[in-house]
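Numbering (the numbering used here), first residue to last: 7 to 106.
Structure first, then comments.
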Amino acid sequence: MTAWKPKGQRFAVVHGGSLGPDVSFYSMRSGGNAGQVSKPTALKGKQANALFWSPAGRYIILAGLKGFNGRLEFYNVDELETMATAEHFMATHIEWDPTG
7 MTAWKPKGQR
17 FAVVHGGSLG
27 PDVSFYSMRS
37 GGNAGQVSKP
47 TALKGKQANA
57 LFWSPAGRYI
67 ILAGLKGFNG
77 RLEFYNVDEL
87 ETMATAEHFM
97 ATHIEWDPTG
């Protein structure tokens with residue numbers, strides 16, 4: 007699963023095994039290095055199978071939907087820290103308020 011930051015040059019990828027996938031964040035470089043990707047920041051062993059960027063692109067929800075029992079982790083990508091976690095059993099989709 008790959009999700010691009012809205013209006014940005016950053017994207018996130020869920021990868022690895024189903025028991026504890028990893029989430030990696032990549033940034034596209036600009037200027038003389040255009041077209042190159044920066045080294046990723048990786049979060050190991052997350053219970054996530056879907057990613058949802060906030061409209062402003064500062065936050066992302068690492069969501070464990072359906073088989074992952076609705077685990078949600080609210081993550082600040084700029085500060086590289088978890089802000090909160092929650093669980094919404096049987097959740098199938100997440101949607102941000104369009105104002106951010």
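C-beta: ideal position from N, C-alpha, C; glycine also.
Computed from a predicted structure; not experimentally measured.
Collapsing the DSSP output to three states places residue 74 in a helix. Closest by C-alpha distance to residue 66, out of 25, 100, 22, 26, is 100. In its chain, beyond the 5 residues on either side, 75, 76 have a beta carbon closer than 8 angstroms to the beta carbon of residue 95. In its chain, beyond the 5 residues on either side, 11, 12, 14 have a beta carbon closer than 6 angstroms to the beta carbon of residue 63. By the Cβ neighbour-count rule, residue 79 is buried, with 16 or more other Cβ atoms within 10 Å of its own.
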